[in-house]
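> In my numbering, the protein residues as written are 17 to 359. Just so it is clear, CB atoms sit at the ideal spot from N, CA and C, and this is done for glycine as well. Being a predicted model, the structure only gives us computed values, none of them experimental.
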């Protein structure tokens, strides 16, 4: 017999490496799922729509009959997907209803260890929201500075070295600028909230967390108020690299040669905010694919002029790190943390 588990249980099983399976339709899965879950759907998008229509027009029993008919045809393939998994499994649907119950029952009959998330993904969202409102947020150290100073690279390298890092742009899958979506598939607010909540749950007992100095919004994502307020009163480590180094970093991060048309489209959004002669020269350079000139113009005449970061922390919590490269700046960040006896 399968076991119903709580959202907290599910989080712990994810940490252990169990496989989490979303049995909802592919469309539902793509819209938002529990981070790390795979999709083994009971119904296709079209089948789910047909069952829903039958429920509205003919009632619950007719919808159940249609669902059983559709699922029975794909039962062997459904079971085979689970047999290929190499870890214990937890299944879930939207509210922990018939879809996850059916999946768990079938998988259990095949002697495959399986749990079901009680209350489904909705319960997991509710649990995450509750945790986020009460969980301890350790002291934050915020990497700040102008566009192109390698803040994200520094954070990711430090994370690889074992430092507690929350990559807000990575969670949003958006780099935070008007060009930030290019080459990426930005996540929605629900997924971002789950990722941030899980990260805070993971790091709640750490001495500190490193983050990047984002604005309140990252693309279409809004940073939750409690976390944003905490960030604003935290020490700010301002990274300053030479202009040419910043240009090089941006070209490496954004790969404009691979997304030329998208860059032209995004540039049109901000062109009117740039002094006309510079805007025209930048547009010409973009047409000619002279990306270093484009990036340098945008930094000097747009991003640096608009950068006016103010925080609620006192001046003695603003630390300037001036170096020639990302690697050197990363070492200075490590030295600072060590001086505070945080490492």
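So what's residue 157 in DSSP terms, helix, strand or just coil?
strand
> Looking at residue 202: is its Cβ nearer than 8 Å to the Cβ of residue 166?
no
> Decide yes or no for the touch test of the segment 342-352 against the segment 247-265: beta carbon pairs closer than 8 Å, at least 3 of them.
yes
> Would you mind giving the Cβ-Cβ distance between residue 98 and residue 123, rounded to the nearest angstrom? I have them listed as a contact below 8 Å.
5 Å
> Could you name the residues of the same chain whose beta carbon sits closer than 8 Å to that of residue 33, not counting the 5 residues immediately before and after it, in chain order?
So the qualifying residues of the chain are 103.
> The ligand FMN heavy atoms versus the CB of residue 343: any closer than 7 Å?
The ligand FMN is absent from the structure shown, which contains no ligand whatsoever.
> Could you name each continuous alpha helix (DSSP H) segment of 4 residues or more that falls completely within the segment 223-305, going from the start of the chain to the end?
The qualifying runs are 241-248, 259-270, 276-286 and 292-303.
> Of the residues 172, 182 and 131, which one's Cα is nearest the Cα of residue 156?
182
> Should the segment 283-299 be called in touch with the segment 133-150, which here means at least 3 C-beta pairs below 8 Å?
Between the segment 283-299 and the segment 133-150, the count of C-beta pairs closer than 8 Å stays below three; the two stretches do not touch.
> Give the DSSP-derived three-state secondary structure of residue 54 in the structure shown.
strand
> Pick helix, strand or coil for residue 123, following the three-state DSSP scheme.
helix
> Is the segment 227-244 touching the segment 260-279 in the sense that three or more CB pairs, one from each, lie closer than 8 Å?
Counting Cβ pairs under 8 Å, fewer than three are found: no touch.
> Along the chain, where does the alpha helix (DSSP H) containing residue 61 start, and where does it finish?
61-74
> When you compare only the Cα positions, how much space is there between residue 261 and residue 65?
53 Å
> Need the endpoints of the beta strand (DSSP E) that residue 132 sits in, please.
130-133
> Would the segment 22-39 count as touching the segment 49-57 if we require 3 or more Cβ pairs under 8 Å?
These segments touch.
> I'd like to confirm the pairing. Which residues does DSSP put opposite residue 38 in its beta bridges?
55 and 108
> Less than 8 Å separating the beta-carbons of residue 311 and residue 170?
No, they are not a contact pair.
> Would you tell me roughly how many angstroms separate the C-alpha atoms of residue 21 and residue 132, rounded to the nearest one?
6 Å
> Locate the beta strand (DSSP E) running through residue 214, then write down its first and last residues.
Counting along the chain, residue 214 falls outside any beta strand (DSSP E), though it belongs to the alpha helix (DSSP H) covering 205-219.
> Just the C-alpha distance for residue 327 and residue 334, rounded to the nearest angstrom, thanks.
Confidence in residue 327 is poor, its pLDDT being 48 and thus under 50, which makes the residue's placement unreliable; the coordinate value appears in the next sentence. Approximately 9 Å between the Cα atoms of the pair.
> Give the DSSP-derived three-state secondary structure of residue 20 in the structure shown.
strand
> Is it true that the CB of residue 278 sits closer than 8 Å to the CB of residue 194?
no
> For a test of the three-state rule: what should DSSP assign to residue 193, helix, strand or coil?
coil
> Just to confirm, is the Cβ distance from residue 152 to residue 220 under 8 Å?
yes
> From the DSSP output, which residues share a beta bridge with residue 95?
Answer is none; residue 95 lacks a bridge partner.
> Smallest Cα separation from residue 110: which of 45, 216 and 17?
Checked all of 45, 216 and 17; the closest Cα to residue 110 is 45.
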